[in-house]
Amino acid sequence: MSVDFETRLRTDFAAVPLDIPWDAEATLAAGRRARGRRIGAVIGGLAVVAAVAVFSLPMLLRTSIPAIPEPIGVSPTARFEELGNPSPQRVRHATIEVGRSAGELRITVQATLESGSLSQEFTHPDDGSTWLEPLSDQVWAAVVPDPVEWVSPVISEGGWASDEQSLPDLGMTAVLLVGEGRGTIDGLIWKRADGTAWNSLGDEVSLLSNADGEGADVYADAALDVMGMRTSGGGMEKRLSEVGPDRLVQSMVEGDRAGVRVFRGLFLLPEGDYPEAGPEPDFVFQQDVDHVRSVSGVLVGGALDGRYVVAVRYSAPATVTLEGTSLIESLTYTAPNGRRVTVIPGAGEAPR
Amino acid sequence: MSSRQQRDAEFTAFVRASSSALTKTAWFLTGDAELARDLVQEAYVKTYLAWGRIRPVEAVGYARKVLVNLNIDRWRRRRPESVGNVPERPVPSAESAADERDRIARMLAGLPRQQRAVVVLRYLDDLSEQDTAACLGISVGAVKSTASRGLAALRAGHVPEGEPR
Chain A
155 MSVDFETRLR TDFAAVPLDI PWDAEATLAA GRRARGRRIG AVIGGLAVVA
205 AVAVFSLPML LRTSIPAIPE PIGVSPTARF EELGNPSPQR VRHATIEVGR
255 SAGELRITVQ ATLESGSLSQ EFTHPDDGST WLEPLSDQVW AAVVPDPVEW
305 VSPVISEGGW ASDEQSLPDL GMTAVLLVGE GRGTIDGLIW KRADGTAWNS
355 LGDEVSLLSN ADGEGADVYA DAALDVMGMR TSGGGMEKRL SEVGPDRLVQ
405 SMVEGDRAGV RVFRGLFLLP EGDYPEAGPE PDFVFQQDVD HVRSVSGVLV
455 GGALDGRYVV AVRYSAPATV TLEGTSLIES LTYTAPNGRR VTVIPGAGEA
505 PR
Chain B
8 MSSRQQRDAE FTAFVRASSS ALTKTAWFLT GDAELARDLV QEAYVKTYLA
58 WGRIRPVEAV GYARKVLVNL NIDRWRRRRP ESVGNVPERP VPSAESAADE
108 RDRIARMLAG LPRQQRAVVV LRYLDDLSEQ DTAACLGISV GAVKSTASRG
158 LAALRAGHVP EGEPR
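Right under this line is the structure:
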């Protein structure tokens, strides 16, 4: 890379006019309010601890001391901060504590929402299965029996924010999910460090790692009826039963960046179609679309092992709205028998 | 002046001195003025909460690191708008040519998240490779390779005006 280009980039950055007025007094006031909330939370916590100590002391004094002390159980705690969109159900902070003893997991979830607090205890068999429970209409919690690279919820409707925290002492992961509205979580899919994907039913999930060359993973799972992509910016998913062969599986808006709207699309090709060594597919886009890149690959493991998927990322002006026909007019690829197959999204294979 | 008043005065002076640079960084990390404002505000609040533990000379670096981490956190949590099988159609733009700021933001928009952050920190904030690595929590080698890939992508796909393609 030439120094000239770096110098020009620095010059361009420096020349950018960007003068957003800032109210320092309002910022200070916001800082003071946050500090007040923190102090209030600490005082409240200390009060709870003191009350528990006062009420439990008599019971402790009546408890006999065993000749051989019982082993102290390990109860790792995952902590979460600020999750969900602004709403009464937004989680300010939460903890998921997991204790293991006598073949059971004791799970304690405490969450402070904008609208109040939640505190619930659960028990779950310590048998390698997933624990997943609703705490309210919009807040769910889970404990996954693996260390994970990522976790994606399989959702019934709406948008969900999720965050995961590892529980390294147990080799597990705690997950907190907050919905934009009321909804349910049908299950979870996650990627383990060994590069395989699993679902909360205990099945291996078909996975194409690094599907776009930038770390995005594509997964497809017949058991939870879902196909999706996990990207650095979040994820998208689609019911597998709603996806016909040769169709655009999913088109989504990844985000707007100063006048540019970035899209992603996923294609699931028919069983046996599209050899790995074959050429990349040809896309035809409508006007005003910049084709960024497409990558194809094979799903590994699970019920859809061996099926090919094509992932495409493209951009258009941010004025693009969603109506009518697809920005992707067609996709053409070469089948193993050498014939060229053209697919029109939403319409299946094009007539020849 | 009480210690609290002195602390608040120091913090207010710090905000006035740093808001322009931090807002610019946030804007180029996100490409969105409102989002940039929210991120900077949240970074300032977290910096205020830590004000007693950080030295004034470290405050900008601390706030910038919080800002970058908040942006990464935002990416992790955001679920992109899903449109399912609903197709899209372009609508002709009524806007005129983008200004200089939007032109650079468009260049950055095509970069993956980490490349974008490295390019912004290295060439907008003019941080050293070591400081960029510390801010992002990655190695110096990763900064070098990521910056190289980011610049290559910018040059290949988004050449600034006046640069021959």
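The listed protein sequences derive, respectively, from chains A and B.
With the working numbering, the residue at position 168 of the first sequence is 322, and numbering never jumps.
With the working numbering, the residue at position 153 of the second sequence is 160, and numbering never jumps.
For every residue, glycine included, the Cβ atom is placed at its ideal position computed from N, Cα and C.
Minimum Cα-Cα distance from Gly185 (chain A) among the listed residues B:Ala16, B:Ser155, B:Trp34 and B:Lys151 corresponds to B:Ala16. Approximately 6 angstroms separates the beta-carbon atoms of Pro307 (chain A) and Leu342 (chain A); this is inside 8 angstroms, confirming the contact.
Taking Leu324 (chain A) as reference, the option from A:Phe167, A:Asp280 and A:Arg461 with the minimal CA-CA separation is A:Asp280.
Between Thr54 (chain B) and Leu36 (chain B), the alpha-carbon positions lie close to 19 angstroms from each other. CA-to-CA, the gap between Ala232 (chain A) and Ile61 (chain B) works out to about 27 angstroms.
Annotation for Lys151 (chain B): Glu136 place their beta carbon closer than 8 angstroms to its own, counting only its chain and skipping 5 residues before and after. The continuous stretches of alpha helix (DSSP H) do not include Gln292 (chain A), and DSSP gives it neither H nor E. Val466 (chain A) is a Cβ neighbour of Gly419 (chain A), given a cutoff of 7 angstroms. Residues of chain A whose Cβ lies closer than 8 angstroms to the Cβ of Val22 (chain B) are, in chain order, Trp176, Ala178, Thr181 and Leu182. Contact of Pro63 (chain B) with chain A is not assigned, every C-beta pair being separated by 7 angstroms or more.
With a cut-off of 8 angstroms on Cβ pairs, the stretch 318-334 of chain A is not in contact with the stretch 363-377 of chain A, counting fewer than three such pairs. In this structure, the straight-line span from the alpha carbon of Ala377 (chain A) to that of Leu163 (chain A) is close to 50 angstroms. Residue-level contact by beta carbon fails for Ala351 (chain A) and chain B, as no gap is shorter than 7 angstroms. The C-alpha of Ala57 (chain B) is placed about 15 angstroms away from the C-alpha of Ala183 (chain A). At least 7 angstroms separates the beta-carbon of Leu458 (chain A) from that of Ser354 (chain A).
DSSP places Asp280 (chain A) outside any alpha helix (DSSP H), giving it a letter other than H or E.
DSSP places Thr19 (chain B) in the uninterrupted alpha helix (DSSP H) bounded by Ser10 to Thr37. Glu311 (chain A) is positioned such that its CB atom lies closer than 7 angstroms to that of Gly337 (chain A). Taking a beta-carbon distance threshold of 7 angstroms, Tyr69 (chain B) does not count as an interface residue toward chain A. When DSSP states are grouped into helix, strand and coil, Thr139 (chain B) belongs to the helix group.
For Gln12 (chain B), there are no neighbours in chain A by C-beta distance under 7 angstroms, as the nearest C-beta there is about 11 angstroms away.
With a contact defined as Cβ atoms closer than 8 angstroms, Ala315 (chain A) and Gly238 (chain A) qualify at about 5 angstroms. Taking Gly426 (chain A) as the centre and dropping the five residues before and after it, the same chain places the C-beta of Pro490 closer than 7 angstroms to its C-beta, in chain order. Against chain A, the beta carbon of Gln48 (chain B) has neighbours under 8 angstroms at Thr181 and Ala184, listed in chain order. Using a Cβ-Cβ cut-off of 7 angstroms, Val147 (chain B) does not count as an interface residue toward chain A, since no Cβ of chain A sits closer than that to its own. In this structure, the alpha-carbon of Leu394 (chain A) lies about 12 angstroms from that of Phe421 (chain A). The alpha-carbon of Ile111 (chain B) is positioned some 26 angstroms away from that of Gly148 (chain B). When DSSP states are grouped into helix, strand and coil, Val497 (chain A) belongs to the strand group.
In this structure Trp285 (chain A) is in contact with Ile261 (chain A), their Cβ atoms being roughly 6 angstroms apart against a cut-off of 8 angstroms. Membership of Thr262 (chain A) in the beta strand (DSSP E) is indicated by the continuous run Glu258 to Leu267. Looking at the backbone, the Cα of Arg246 (chain A) and that of Glu268 (chain A) are separated by about 7 angstroms.
No Cβ-Cβ contact shorter than 7 angstroms links Met114 (chain B) with Leu143 (chain B).
Straight-line spacing of the CA atoms in Pro230 (chain A) and Glu318 (chain A) works out to 14 angstroms. Rounded to whole angstroms, the gap between the alpha carbons of Phe276 (chain A) and Glu235 (chain A) is 22 angstroms.
Among the residues facing chain B, Leu259 (chain A) is not included, as its CB has no counterpart in that chain under 7 angstroms away. Cβ-Cβ separation between Val464 (chain A) and Leu485 (chain A): approximately 7 angstroms, consistent with a contact (criterion under 8 angstroms).
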